[in-house]
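Undergrad: Chains as they are written, first to last, in my numbering: chain A, 1459 to 1802; chain B, 1459 to 1802.
Number of protein chains: 2
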Amino acid sequence: MNITKRQSTSKDVAKLAGVSRTTVSLVLNSVENAQISAETRQRVFLAAEALEYVPNATAQALVSRRTQVIGLLLTRQPHQLEADGFVLQALEGMLEVVRAHRLRLLIDVVEPEHQERAYLDLVRAKRIDGIVFSGPRSDDAALQNLEREGFPTILMGHLPNSPFCSVDVDNVLAARQATEYLLSLGHRRIACITNAPLSYSAAAERLLGYQQALQAAGIIPNPALLRQGGFDPQSGYEAMVSLLQGAEPFSAAFVASDTVLMGAKRAIRERGLQIPQDMSLLGFDDIPWAQYADPPMTTVHLPARDLGKQACQMLLQVLNAEKPPNRNLILPAPLVIRQSCQPV
Amino acid sequence: MNITKRQSTSKDVAKLAGVSRTTVSLVLNSVENAQISAETRQRVFLAAEALEYVPNATAQALVSRRTQVIGLLLTRQPHQLEADGFVLQALEGMLEVVRAHRLRLLIDVVEPEHQERAYLDLVRAKRIDGIVFSGPRSDDAALQNLEREGFPTILMGHLPNSPFCSVDVDNVLAARQATEYLLSLGHRRIACITNAPLSYSAAAERLLGYQQALQAAGIIPNPALLRQGGFDPQSGYEAMVSLLQGAEPFSAAFVASDTVLMGAKRAIRERGLQIPQDMSLLGFDDIPWAQYADPPMTTVHLPARDLGKQACQMLLQVLNAEKPPNRNLILPAPLVIRQSCQPV
DNA sequence: AAGTTTCTTGAAAGCACTTTCAAATAAAAT
DNA sequence: ATTTTATTTGAAAGTGCTTTCAAGAAACTT
Chain A
1459 MNITKRQSTS KDVAKLAGVS RTTVSLVLNS VENAQISAET RQRVFLAAEA
1509 LEYVPNATAQ ALVSRRTQVI GLLLTRQPHQ LEADGFVLQA LEGMLEVVRA
1559 HRLRLLIDVV EPEHQERAYL DLVRAKRIDG IVFSGPRSDD AALQNLEREG
1609 FPTILMGHLP NSPFCSVDVD NVLAARQATE YLLSLGHRRI ACITNAPLSY
1659 SAAAERLLGY QQALQAAGII PNPALLRQGG FDPQSGYEAM VSLLQGAEPF
1709 SAAFVASDTV LMGAKRAIRE RGLQIPQDMS LLGFDDIPWA QYADPPMTTV
1759 HLPARDLGKQ ACQMLLQVLN AEKPPNRNLI LPAPLVIRQS CQPV
Chain B
1459 MNITKRQSTS KDVAKLAGVS RTTVSLVLNS VENAQISAET RQRVFLAAEA
1509 LEYVPNATAQ ALVSRRTQVI GLLLTRQPHQ LEADGFVLQA LEGMLEVVRA
1559 HRLRLLIDVV EPEHQERAYL DLVRAKRIDG IVFSGPRSDD AALQNLEREG
1609 FPTILMGHLP NSPFCSVDVD NVLAARQATE YLLSLGHRRI ACITNAPLSY
1659 SAAAERLLGY QQALQAAGII PNPALLRQGG FDPQSGYEAM VSLLQGAEPF
1709 SAAFVASDTV LMGAKRAIRE RGLQIPQDMS LLGFDDIPWA QYADPPMTTV
1759 HLPARDLGKQ ACQMLLQVLN AEKPPNRNLI LPAPLVIRQS CQPV
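In structure tokens:
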């Protein structure tokens, strides 16, 4: 476990190649306008190879003012991360582009409570070049700090009149279409469980879509048929139990998150109800579980992986001072019809 | 989006406080043996506050040779990450201790194919102080590189005669106990689907536990009842379809990963079989899904969160040159009996 | 009042790199 | 052979911080 052999530096390479450190840097970074003879170049490469030289990222960062690291920020209660099928898919998409650009990804989860200083440290300390921010909330003080700092940030999700670029789906539309599907099956009493507290913009939007569809069909959304979920199956379980115990009957439920849906489904089954015979269930996110559930879940497909990918790409554009083509990129979120809904 | 106002440096703080940068550093890092008058100290704090000063992490890292960042390395095919319930829980545990120590977490997923140089970059470039390595494989060339470099590394999982410290569960024992439970229910023909290719040590160990239990009961493990899964539900689905189509009858299956189990369960239901009436199913990992599945799954509880936490703590001990109390920490992995198994 | 001892503080070096700029060398032109 | 031009290379400064070392100031002895 000893770290005896010192790491070789550009100085070592220079010495071995018989050139100056400047030349080493010029060659290894293949600087355009500086012409180095092919022979010298070769010597440097060989020396670097021989010493297994890798430039010290910290030193490079210090001088270039770029750490080549981007941050993924999630705002959740840590324990709510556990069952989040979305995160991993998005992460994957991000890693894909991050890797292609030889960057690194730093991940942090901040709890909604003490986010005040949470990112400031990350940002001010210049630990990262930019941020992909998942799950923005309107009441997020720290996010406003980022704004003031003018820190390169991309939102995964959407925040009305935020200066930041964002990648998102049209939650309102997707939720409306989902609800319309339920309506088209003849359901009239449709319950709704949100995916998160309404301060999360995605939660508010999905709820709105649900309400719009109902109203367009001449149905007044019934508050007694609405419950709030929050990131984990347990919240869905509790919400559904409460719904089932309520006086208000319903034949279908739109649950704005598959993770929450997982718990809701359990509550229904415990009650001895069959899906979809006794109750139609429609989710949101299309996490891997959805298609393997019993029955496979009809749900809105959230292109999580793409969302992550696009967010990263947008961030890179911002970092390179290119004007991103779209300030607010909207990806389609189609309804995937499987077997958890049927006509009344 | 402009970055007009330059970030304030320790020099600015020094100037505002009317002291030297040395003093600023001494105060802000509360260095022990250097005594600074309370009055000076106060002035520095105030100045730092006023300028919203946060030390540049890069510069600190350069001089201290510590980046205060630790890496989480996962070896999977990226797309296999998607449904991995374990990762997020472990991540959470890690974040907990990482945060407590004011460190940061860098995450990377490397594909088993080109891992050769994959971490070397990370390590040689001194981007991170240490590594938590999830899913070590015996045939991992890069891991051997880490060994040679003497880089502070903790294994989440286990590798026979590796010099690295590790945190793990006793996979053999857990799998044996799980299988014994099935045996105790009267099952004799028990299929097994592994959680991953056998080069992953955890996969090999779980399989071994299954085989040991069988042999102890005087049953010769039947190769026709064995299939290999691999990280995602689809692999489980395919494995179970293949098992079901095979000539060999069986009344129970031990699936060494809940994620894989998710797919296997689907295959069984599509076949019109009831769980547990027609087929007992026993999983491994206890991902959030397990307790909300229909029926709730009996499975081996993998203390993922704790594993992550302990791995991190161990790494910190290594980094601080403390001898970790246990070179190979084994956490208990109890069987959680729910409703997916019943007597024949 | 002079000599010690203790407190504070700042100059300077170092961390490993990049990049500018001018000098040195080689090649070309007169 | 000498001047001009093109080609290479290296010294040095800068990135923002920590830390050693020694000096200056203040307090204490004798």
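Cβ coordinates follow ideal geometry from the N, Cα and C atoms, glycine included. Predicted model only: the values in this text are computed from it and were never measured.
Whole-angstrom Cβ separation of G1694 of chain B and I1733 of chain B, contact assumed at under 8 angstroms?
TA: Not quite, the Cβ-Cβ distance comes to about 14 angstroms (not below 8 angstroms), so this is no contact.
Undergrad: Just list the residues that DSSP pairs C1650 of chain B with in beta bridges.
TA: B:L1684, B:F1712
Undergrad: Just how far apart, CA to CA, sit L1701 of chain B and A1649 of chain B?
TA: 8 angstroms
Undergrad: Can the beta-carbon of Q1692 of chain A be found less than 9 angstroms from the beta-carbon of L1656 of chain A?
TA: no
Undergrad: Using only alpha-carbon positions, find the residue among B:V1581, B:V1502, B:R1501 that is nearest to T1525 of chain B.
TA: B:V1581
Undergrad: Pair every Cβ in the region 1528 to 1536 of chain B with every Cβ in the region 1752 to 1759 of chain A, then say whether three or more of these pairs are closer than 8 angstroms.
TA: As far as the Cβ criterion goes, the region 1528 to 1536 of chain B does not touch the region 1752 to 1759 of chain A, which means the pair count is below three.
Undergrad: Which same chain residues, not among the five before or five after G1615 of chain B, have their C-beta less than 7 angstroms away from its C-beta?
TA: S1592, G1593, P1594, S1624, D1626, S1659, A1660
Undergrad: What runs of the beta strand (DSSP E), each 3 residues or longer, lie entirely inside the region 1465 to 1538 of chain B?
TA: 1527 to 1533
Undergrad: Does any residue of chain A have a CB that is nearer than 9 angstroms to the CB of N1460 of chain B?
TA: Note that N1460 of chain B has pLDDT 36, beneath the 50 cutoff, so the model's placement of it is unreliable and the number below is only indicative. Put simply, the CB of N1460 of chain B is near chain A, with a gap under 9 angstroms to one of its CB atoms.
Undergrad: Threshold first: 3 residues or longer. Then list the beta strand (DSSP E) segments lying entirely within the region 1701 to 1787 of chain B, N to C.
TA: 1710 to 1713, 1738 to 1743, 1756 to 1759
Undergrad: Would you list the one or two residues that DSSP bridges to S1624 of chain A?
TA: A:L1613, A:N1786
Undergrad: Does D1743 of chain B pass the burial test, meaning 16 or more other C-beta atoms within 10 Å, or should it be called exposed?
TA: buried
Undergrad: For the beta strand (DSSP E) containing G1588 of chain A, list its first residue and its last residue.
TA: G1588 of chain A -> beta strand (DSSP E) spans 1588 to 1592.
Undergrad: Does any residue of chain B bring its CB to less than 9 angstroms from the CB of Y1639 of chain A?
TA: no
Undergrad: Under 8 angstroms between beta-carbons, which chain A residues line up against P1536 of chain B? List them in chain order, please.
TA: E1550, L1553, E1554
Undergrad: Taking C-beta pairs closer than 7 angstroms, name the residues in chain B that E1540 of chain A reaches, listed in chain order.
TA: L1546, Q1547, E1550, P1746
Undergrad: Measure the Cβ-Cβ separation of E1540 of chain B and D1764 of chain B and say whether it is below 9 angstroms.
TA: Taking 9 angstroms as the Cβ cut-off, E1540 of chain B and D1764 of chain B do not qualify as a contacting pair.
Undergrad: Once DSSP output is grouped into helix, strand and coil, what is the label at L1564 of chain B?
TA: In the structure shown, L1564 of chain B falls within a strand segment according to DSSP collapsed to helix, strand and coil.
Undergrad: Just mark N1634 of chain A as buried or exposed, buried being the case when its beta carbon has 16 or more other beta carbons within 10 Å.
TA: Before going on, a small fix: residue 1634 of chain A reads as Arg here, not Asn. Burial call: buried.
Undergrad: How would you label H1559 of chain B, buried or exposed, when you count the other beta carbons within 10 angstroms and need 16 or more for buried?
TA: exposed
Undergrad: Taking Cβ positions only, does E1510 of chain A come closer than 9 angstroms to chain B?
TA: Closer than 9 angstroms: yes.
Undergrad: Could you name the residues of the region 1690 to 1710 of chain A whose beta carbon sits closer than 9 angstroms to any beta carbon of chain B, in the order they occur along the chain?
TA: D1690, P1691, Q1692, G1694, Y1695
Undergrad: Would you decide whether M1459 of chain B is buried or exposed? Buried here means 16 or more other CB atoms lie within 10 Å of its CB.
TA: The pLDDT assigned to M1459 of chain B is 35, lower than 50, so where the model puts this residue is not dependable; a value taken from the coordinates is nonetheless given after this. M1459 of chain B is exposed by the Cβ-count criterion.
Undergrad: Can the beta-carbon of D1566 of chain B be found less than 9 angstroms from the beta-carbon of L1553 of chain A?
TA: Yes, they are a contact pair.
Undergrad: Could you spell out where the alpha helix (DSSP H) holding L1643 of chain A opens and where it closes?
TA: Per DSSP, L1643 of chain A belongs to no alpha helix (DSSP H) and is neither H nor E.
Undergrad: Taking only beta-carbon atoms, is Q1768 of chain A less than 9 angstroms away from chain B?
TA: no
Undergrad: Quick one: does M1720 of chain A have its CB under 9 angstroms from some CB of chain B?
TA: yes
Undergrad: Beta-carbon separation of L1604 of chain B and A1710 of chain B under 9 angstroms?
TA: no
Undergrad: By the criterion of Cβ-Cβ separation under 9 angstroms, what are the contact partners of V1567 of chain B in chain A?
TA: The answer, in chain order, is L1549, E1550, L1553, R1557.
Undergrad: How would you list, in chain order, the residues of chain A whose beta-carbon sits under 7 angstroms from the beta-carbon of T1516 of chain B?
TA: T1516, A1519, L1520, T1525, K1584
Undergrad: In terms of DSSP beta bridges, what is R1595 of chain B paired with?
TA: B:Y1658
Undergrad: Who are the Cβ neighbours of I1461 of chain A in its own chain at under 6 angstroms, not counting the five residues just before and after it?
TA: The predicted model places I1461 of chain A with a pLDDT of 38, which falls under 50 and marks its position as unreliable; any figure quoted below should be read in that light. Cβ contact annotation for I1461 of chain A (same chain, cutoff 6 angstroms, sequence separation greater than five): none.
Undergrad: Around the C-beta of D1542 of chain B, are 16 or more other C-beta atoms found within 10 angstroms, so that it is buried, or is it exposed?
TA: Taking all protein chains in view, the Cβ of D1542 of chain B is crowded by 16 or more other Cβ atoms within 10 Å, so the residue is classified as buried.
Undergrad: Provide the residue(s) that pair with V1794 of chain A in DSSP beta bridges, ordered along the chain.
TA: A:T1757
Undergrad: Can you say whether K1723 of chain A is buried or exposed, counting buried as having 16 or more other CB atoms within 10 angstroms of its CB?
TA: buried
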